[in-house]
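Asker: Next up is a structure, given as structure tokens.
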Amino acid sequence: GLNSPLHHLANNITRPENTVLFIGYQAQGTPGGRLLDGAREVRLLGQTYPVRARVVKIDGFSAHADREGLLAWLSDMRKPPRCVFVTHGEKTAATSFAEFLSKQTGWQTQVPAYQETVTLA
């Protein structure tokens, strides 16, 4: 609708008195990712807007656990899983975490491809 974050961004990104504040992860190639990479213009809702607002990111607000936190949570399982599927995050980060988890626990890990179907036996 008209109150979507993209509409708010489109209505305010061109104003130098505004600040666009990101408190979470922005994937590469998304409007947020491009803004954090320093884009001078951004395409939103089919239009290109010059970036005149200040763009800032504050870390520390994520609800996601870090790799040590995830390892601790997984290590509390009574019975080790046969395989852990890592399906969240950029492919390089997911693969890195899967390798880390496998080395730390000896468990089999897999990073399925986007829209890959996995049959559990």
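Per this note's numbering, residue 111 is the first one in the sequence shown, and the count goes up by one each step. Yeah, the Cβ is synthetic: ideal placement off N, Cα and C, and Gly gets one too.
#1: Give me the residue from 146, 154, 213, 143 with the minimum Cα distance to residue 117.
#2: Could you please give the first and the last residue of the uninterrupted beta strand (DSSP E) stretch that includes residue 115?
#3: Tell me the residue span of the alpha helix (DSSP H) that contains residue 140.
#4: Leaving aside the five residues before and after residue 129 along the sequence, list all residues of the same chain whose C-beta is less than 8 Å from its C-beta, in chain order.
#5: For residue 196 and residue 186, what's the separation of their Cα atoms in angstroms?
Answerer: Inspection of the coordinates gives the following:
#1: For the residues 146, 154, 213, 143, the minimum Cα distance to residue 117 belongs to 154.
#2: That residue, residue 115, is in no beta strand (DSSP E); its alpha helix (DSSP H) goes 115–122.
#3: No residue range can be given for residue 140, since it is assigned to no alpha helix (DSSP H) and is classified by DSSP as neither H nor E.
#4: 163, 164, 165, 166
#5: 18 Å
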